[in-house]
Amino acid sequence: MRGYTQDKEDYLKRLRRIEGQVRGLARMIENDEYCIDVLTQISAATKGLQAVSLGLLDEHLKHCVAEALTEGGQDADEKVREASDAIARLVRS
């Protein structure tokens, strides 16, 4: 079981909402909408993705990393490294 499994439906709902926003962005471009309006919608979609990312990261730390740390060993080191790498990617994006 993944750390996000119990909140899976909430994540899927958020991602469907973001998917709709992205489709709306494509329509805005097709309709030659005003640049600032398009950028505003891009910002909203980006914030939505960031919220999903942070939620998944939080669940990963609470479930996968914590479990690996309890068990110890090489798997624990690997999970901490994976989490650190994921955080670095999120910070750069």
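Those letters in the sequence shown? Residues 1 to 93, per UniProt numbering, in order. Ideal placement from N, C-alpha and C gives every residue a C-beta, glycine not left out. In this text the structure is predicted, and so the values were computed from the model without any measurement.
#### Entry: Nearest neighbour of ALA44, chosen from ASP58, ARG89, GLU30 and GLU19 [CA to CA]
Per the C-alpha coordinates, the member of ASP58, ARG89, GLU30 and GLU19 positioned closest to ALA44 is GLU19.
### Task
Could you name the residues of the same chain whose beta carbon sits closer than 6 angstroms to that of residue 97, not counting the 5 residues immediately before and after it, in chain order?
Only positions 1 to 93 of the chain appear in the structure, and residue 97 is not among them; the question remains open.
### Which of helix, strand or coil DSSP assigns to GLU67
helix
### Task
Check whether the Cβ atoms of LEU25 and VAL52 sit closer than 9 angstroms, and answer yes or no.
No, Cβ-Cβ distance for LEU25 and VAL52 is not below 9 angstroms.
### Message
Starting from ARG81, trace the alpha helix (DSSP H) in both directions and tell me its first and last residue.
### Response
73 to 92
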